[in-house]
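A quick write-up on the structure given underneath.
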Amino acid sequence: MAERARTWPKVNIVELDWDTVLQTAVFPNPGRGTWQTLAPIADYPRQEHVTLALSETSIGVLCGIVPRGNSTGPFETTDLFQIYDIPTDTWRTAAPAPVPLNHPNAAVLNGTLYLLGGLTDQRTASAWQATPQSYFYDPAADAWTPLPDIPSDTDTPRGSAAMAVDAERGLIYLAGGLTRLPLDTGGTDQETVDDVSVFDVRRRQWGRLPRAARRMPARRDHAGAAVVDGVLYVLGGRDRGQANVRGEVFALGLDPKGLRRGWVTKRGRMPTPRGGVAAAEVDGKVYVFGGEGNPKGVNGMFTEVEVYDTRRDRWEKLADMEVPRHGTSAVSIGGGVYIPGGGIRQSGAPVNVFDVYWP
């Protein structure tokens, strides 16, 4: 008897987009406009630090202020450097910065971390003063190496500058900032600058910008910053004190033509002027969170979340922060905006809260 031919069920073969699969596994997005709580910053609450995207799966929290363990003052400046791993939701400690700093200026370019000055409390107990000391961090060696100081004869050492990276040309920009922050004047008499500096990472030296790019249209510190389509945006901030909040948006093209043209002030103003904000870019839009200097807010805080569409030059108000903070910074990774630590009261009240906002 002849054997009948077997028939097999039809199988549909589906090709998987593994980039999407991996991103979903590492960056689970709970939904638009939502907050997700992450593992708190390890060891100490933190404020006036810098947040850095070290890789596609890791975030650094560098320097800042932490609660002091004695009676000489409520806070102390730290050299602590901690790294958060996104897939495992865990923290580890890396080699400390060579000098304790608050309001540090730092950026990551091609996997290397550059620390370009900041404020220190080592010179006087009554004010935080700018230091020109600069370093780079090699993650493979877990080691810091000195760089040339910010030149005080042609430039201005400061902290709390708006930072920008031009990866194509190997340049890091510092816009505005503070040279001195008194601790006993209720947030007044802070020395804000409009200087703009550039550091060439390939030559490892400080450069000189075209005249039109060397100064912003006005002094700013504690501002938000982001680079979108080759343009640096400096959003909000303040001028010489916590109460002197500002809402303008300044823009500078980072290509040679844009640098020669210089700074422009955009028409779209921040709906809620404020300083001490955290900001990050997602899909061409800059999200700005929290801040301090609000006379009507609880503990002097701003709760607002507002987003700036750089292509349309327009702002939109979103739902408030779940845990309003100032004195922190944000990074965008995998479509989420990560915000570790910060202060929950005007001036100082560090927390270890860590959350991510999904636009």
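Per my numbering, the very first residue in the sequence shown carries number 632; after that it's consecutive.
Built from N, CA and C at the ideal position, the CB exists for glycine as well.
Only a predicted model underlies this, so the values are computations on that prediction, with no experimental measurement involved.
Asked	Found
Which full runs of the beta strand (DSSP E) of 3+ residues lie inside the segment 817-893, going along the chain?	822-831, 855-859, 862-866, 880-884
Can you look up Gly931 in the DSSP assignment and give me helix, strand or coil?	helix
Just mark Val652 as buried or exposed, buried being the case when its beta carbon has 16 or more other beta carbons within 10 Å.	With a pLDDT of 43 at Val652, under the threshold of 50, the predicted position of this residue should be treated as unreliable, and no value is reported.
Under the DSSP definition of a beta bridge, which residues are partnered with Ala911?	Tyr918
Identify which residue in Ala849, Trp775, Val681 has its Cα closest to the Cα of Asn733.	Val681
Taking C-beta to C-beta, are Gly967 and Val987 nearer than 7 angstroms?	yes
Decide if Val908 is buried, meaning its Cβ has at least 16 other Cβ atoms within 10 Å, or exposed.	buried
If you draw a straight line from the C-alpha of Ala774 to the C-alpha of Asn983, how long is it?	25 angstroms
Starting from Gly967, trace the beta strand (DSSP E) in both directions and tell me its first and last residue.	967-971
Is the distance from the Cβ of Ala593 to the Cβ of Gly808 below 7 angstroms?	In the structure as shown, the chain starts at 632 and stops at 990, and residue 593 therefore has no counterpart that could be examined.
DSSP three-state label for Glu937, please.	strand
Could you give the first and the last residue of the continuous beta strand (DSSP E) run that contains Arg942?	Neither: Arg942 is in no beta strand (DSSP E) and is coded neither H nor E.
Check the C-beta distance from Gly906 over to Gly867 and give it rounded, since I have them as a contact under 8 angstroms.	6 angstroms
Just how far apart, CA to CA, sit Pro813 and Arg871?	11 angstroms
Taking Cβ positions, are His787 and Asp752 nearer each other than 7 angstroms?	It should be noted that the sequence gives Thr, not His, for residue 787. No.
Please state whether DSSP places His957 in a helix, a strand or coil.	strand
If Trp946 and Gly915 are in contact, beta carbons under 8 angstroms, what's the gap, nearest whole angstrom?	With a Cβ gap of about 14 angstroms, Trp946 and Gly915 do not count as contacting.
Excluding five sequence neighbours on each side, which residues of the same chain lie with their C-beta closer than 8 angstroms to the C-beta of Pro779?	Ser765, Arg835, Gln836, Trp837
With DSSP as the reference, please indicate the residues paired to Tyr675 in a beta bridge.	Answer by DSSP bridge pairing: none, since Tyr675 is not bridged.
If you follow the beta strand (DSSP E) that Met794 is part of, which residue opens it and which one closes it?	793-797
Excluding the 5 residues preceding and the 5 following Asp944 in the sequence, name in chain order all residues of the same chain whose CB lies nearer than 7 angstroms to its CB.	Lys897, Arg898, Gly899
Give the DSSP-derived three-state secondary structure of Ala771 in the structure shown.	coil
Count the other CB atoms, across all protein chains shown, that sit within 10 Å of the CB of Gly790; report buried if there are 16 or more and exposed otherwise.	buried
On the criterion of 16 or more Cβ atoms from any shown chain inside 10 Å, does Gly921 qualify as buried, or is it exposed?	buried
How many Å lie between Val862 and Gly893 at the Cα?	11 angstroms
Where does Lys897 fall in DSSP's three states?	coil
Leaving out five residues before and five after Pro841 in sequence, what residues of the same chain have Cβ atoms less than 8 angstroms from its Cβ?	Leu890, Arg891, Gly893
May I ask you to verify whether the segment 950-959 touches the segment 969-981, counting CB pairs closer than 8 angstroms and requiring at least 3?	yes
Looking only at its chain, what residues have a beta carbon closer than 7 angstroms to the beta carbon of Arg833, apart from the 5 residues adjacent to it on each side?	Gly801
Looking at the structure shown, is Ile975 part of a helix, part of a strand, or coil, going by DSSP?	coil
Are there 16 or more other CB atoms within 10 angstroms of the CB of Ser783, so buried, or fewer, so exposed?	exposed
So, Leu697 versus Gln713, is the Cβ gap smaller than 7 angstroms?	Correcting the residue type first, residue 697 is Val in the shown sequence and not Leu. Taking 7 angstroms as the Cβ cut-off, Val697 and Gln713 do not qualify as a contacting pair.
Tell me the DSSP secondary structure of Ser689 in three-state form.	strand
Are Thr575 and Arg850 closer than 7 angstroms when you measure CB to CB?	An answer regarding residue 575 cannot be provided, because it is not within the stretch 632 to 990 covered by the chain.
Does DSSP put Pro904 in a helix, in a strand, or in coil?	coil
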